[in-house]
Structures are given as structure tokens and as C-alpha cells.
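Colleague: Starting off with a structure, shown below.
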Amino acid sequence: MDTPVILKIFHKGKMKEYFVKPEGEMHTDLGLIKLDELKAKNFGDKISSHMGAEFVIQKPRANDFFNHAKRSGAPMMPKDIGVIISNTGLGSSDSVLDAGTGSGILAIYLGGIAKKVVTYEVRDDFVEIARDNIALTGLSNIECRHGDIVEEIRKLEERFDVITLDTIAASRVIPYIPDVIYPGGFLVTYSPFFEQAKEIREAIGKTNYIDVMTIETLEREISFTDRGTRPATARVGHTGFITIARY
Ligand SMILES: C[S@@+](CC[C@H](N)C(=O)[O-])C[C@H]1O[C@@H](n2cnc3c(N)ncnc32)[C@H](O)[C@@H]1O
3 MDTPVILKIF HKGKMKEYFV KPEGEMHTDL GLIKLDELKA KNFGDKISSH
53 MGAEFVIQKP RANDFFNHAK RSGAPMMPKD IGVIISNTGL GSSDSVLDAG
103 TGSGILAIYL GGIAKKVVTY EVRDDFVEIA RDNIALTGLS NIECRHGDIV
153 EEIRKLEERF DVITLDTIAA SRVIPYIPDV IYPGGFLVTY SPFFEQAKEI
203 REAIGKTNYI DVMTIETLER EISFTDRGTR PATARVGHTG FITIARY
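Laid out in C-alpha cells, this is it:
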């Protein structure tokens, strides 16, 4: 293998995991790992450190990129991405328009399912990070374009089945959605604040949408201890409001 891999080991009651390229060496508290040896391994095999610790080798999936990829800002959380995928019924024949790309995490999840993802990012330094992250996935159906989506959407000649807007500019993009969305297609926006969600609903209200809803998803991990079983004390708090409109 010559693509990045996940190395995992369960040690002293805790899972340790590393996202590594199969080149050079890595020092861990469980010893040195010669990463070049990964080239001759398969997923599911183990690789040993010089201290004899055995790490299982896994193929990275989209959630591993959420956990380990280089970040330019806050990527969308998997719980929110799941809601987008389930409520749009995203499938393998769909073309997706996404903005802003950020670290490219949402685009990577969507690219693993859809036929094509075109994603716009206004900052060139963020474009570079996202393109590097996308290249590491091996997905060839995600195109990261540099540009301001407010300007670029007016020039688009393509149409899309699903459009995702995770940017402060969303309400300024919404007036142009009817020009680039297939009938029956979905617009999804993500906004951290009530005020933005309201602005987005008002902008959608001025377009020819068929139906619309705004939701928030809550996730609670369950903790299992000798004392008992209950929702974990530490939890993911508020992330954002997701508005889903069908055209
Ligand atoms: C919260 S981040 C997106 C995170 C992304 N969904 C992910 O999962 O990694 C928002 C991004 O929108 C970009 N952005 C802001 N205004 C934009 C615009 N007008 N056009 C394109 N991108 C924009 C920002 O630079 C930032 O990277």
C-alpha cells in the first residue's frame, strides 16, 4: 500500500490511533515504528514497534479524515453530516455543489457517496489544505475550486441535485439556487446561530422552494462504568442549525 493508513492499538484501557503515510519512521510511547514496512502489508495486518507493541492497520474512511486531516477551521461534525445525507437521500447518481470547502471534510463524506462534488472556497490557503486532504482520500470525483461562491454561482452552467452551504455567505447565495438546482433537488445550509438560520429562512422564502425545515441534532454518548451506565458527562454541545429546502 502507498496511501495513508490508520494504526490502532488498545493499550491500558485506551484506544490510541495514528494517521500515517507509509514512509519514514514514527516515534510513539510504545516504541518506534518503521512506516516503510507498511508498503508490504495489507489492511487488517499488524505492524510491530521495536518494543513489540502491535498496531492493527486500517483503511482510512471519511470519519478518519474528520479526526485526523489537517484543519483550516472547524469542519462539520459527523452527526450533522449524517443528517444531511439522510434527509437528502444522497446517492451515487447525484451531482453536489458545496461551499465553503473549509478543510474539505463535508466534501469528502459527500464525495464517497455522490457521483461528483464541486466545492468552492474563497481563501487560497484553505483551498491548498482542502486539496491536500482530498488527494489523500484517493477520491477523484471532488473538484475544489478557488472562488467566492456569491460570484461564482452566477457563472455556473451546471445543475446540481444537492447543494450544501456551510458559509457565512449562504443567504447571499440562496437567490441564485433556483438557477442551478435540478427540480426536486435539495439545498442544505448550516448555520451556528439562530440569527443566521432566520436570515437563511427569509432568503429561501423569497425563492420557489417546495418545502423547508430547520433542525438541530443532539448526540449523546453512553458511558459504561463499574458504577453504572448513563449518558457521558462530557458531550458535544450545540454545533449548528441545518436548514433543508426542496425545490
Ligand atoms: C465552517 S467552514 C466550512 C467547513 C467545511 N464544511 C468542512 O466540513 O470542512 C466555512 C468556510 O467557508 C469559507 N467561505 C466564507 N465565505 C465564502 C465565500 N463567499 N465563498 C466560498 N467560501 C467561503 C471560509 O473561508 C471557510 O473556509
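Residues in the sequence shown are numbered from 3 upward in steps of one, following this note's numbering.
Ideal placement from N, C-alpha and C gives every residue a C-beta, glycine not left out.
In this text the structure is predicted, and so the values were computed from the model without any measurement.
State the Cα-Cα distance for the pair I8 and I59, rounded to the nearest angstrom.
Modeller: Position 6 of the sequence shown, counting from 1, holds the residue named residue 8. Position 57 of the sequence shown, counting from 1, holds the residue named residue 59. Computed Cα separation, rounded: 6 Å.
Colleague: Measuring from the CB of L108, is there a heavy atom of ligand 3 at a distance below 7 Å?
Modeller: Annotation note on ligand 3: not contained in the displayed structure, which lists ligand 1 as its ligands.
Colleague: Classify G84 as buried or exposed, calling it buried when 16 or more other Cβ atoms lie within 10 Å of its own Cβ.
Modeller: For this step, residue 84 is matched to residue 82 along the sequence shown. By the neighbour-count rule (16 or more Cβ atoms within 10 Å), G84 is not buried but exposed.
Colleague: Among K48, I246, A137, which has the Cα closest to the Cα of K250?
Modeller: Only positions 3 to 249 of the chain appear in the structure, and residue 250 is not among them; the question remains open.
Colleague: Could you check the C-alpha separation between A55 and E39 for me, to the nearest Å?
Modeller: In the sequence shown, residue 55 corresponds to position 53, counting from 1. In the sequence shown, residue 39 corresponds to position 37, counting from 1. Between A55 and E39, the C-alpha separation is close to 15 Å.
Colleague: Nearest to D31 by alpha carbon, out of P24, K14, K43, K23?
Modeller: The count along the sequence shown starts at 1 and reaches residue 31 at position 29. Taking only the C-alpha atoms, the option nearest D31 is K14.
Colleague: Where do the ends of the alpha helix (DSSP H) carrying H70 lie?
Modeller: What you label residue 70 is simply residue 68 of the sequence shown in a count that begins at 1. Note, H70: alpha helix (DSSP H), 64-70.
Colleague: Could you have a look at I212 and say whether DSSP puts it in helix, strand or coil?
Modeller: Within the sequence shown, the letter at position 210 stands for residue 212. The answer is coil: DSSP assigns I212 none of H, G, I, E or B.
Colleague: Mind checking G242: buried by the 16 CB within 10 Å criterion, or exposed?
Modeller: On the sequence shown, position 240 is the one that residue 242 refers to. Burial call: buried.
Colleague: Can you check whether the CB of R147 is closer than 8 Å to the CB of V175?
Modeller: Here the question's residue 175 lines up with position 173 in the sequence shown. Here the question's residue 147 lines up with position 145 in the sequence shown. No, Cβ-Cβ distance for V175 and R147 is not below 8 Å.
Colleague: Please classify F196: is it buried, with 16 or more other beta-carbons within 10 angstroms of its beta-carbon, or exposed?
Modeller: Position 194 of the sequence shown, counted from the start, is the residue given in the question as residue 196. The residue in question, F196, is exposed, as its Cβ has fewer than 16 Cβ neighbours within 10 Å.
Colleague: For K117, which residues of its own chain have a beta-carbon under 7 Å away from its beta-carbon, when the five flanking residues on both sides are left out?
Modeller: In the sequence shown, counting from the first residue as 1, residue 117 sits at position 115. Closer than 7 Å at the Cβ level, and outside the excluded window around K117, lie S94, S95, D96, S97, N143.
Colleague: Could one say the Cβ of A247 lies closer than 8 Å to chain E's Cβ atoms, at least one of them?
Modeller: Looking at the structure shown, chain E is missing, and only one protein chain is on hand.
Colleague: Tell me the residue span of the alpha helix (DSSP H) that contains L189.
Modeller: Counting from one through the sequence shown, the residue named residue 189 turns up at place 187. Counting along the chain, L189 falls outside any alpha helix (DSSP H), though it belongs to the beta strand (DSSP E) covering 183-193.
Colleague: Which residues bound the beta strand (DSSP E) around Y178?
Modeller: If you number the sequence shown from 1, residue 178 lands on position 176. Y178 -> no beta strand (DSSP E), and no H or E assigned at all.
Colleague: Here's a check: name, in chain order, each residue in its chain whose Cβ is nearer than 7 Å to the Cβ of A171, leaving out the five neighbours to either side.
Modeller: As a first step, residue 171 must be located in the sequence shown, where it is residue number 169. I151, V152.
Colleague: Under 8 Å, with one C-beta from each stretch per pair, do the region 205-214 and the region 123-142 reach the 3-pair mark?
Modeller: No, the region 205-214 does not touch the region 123-142.
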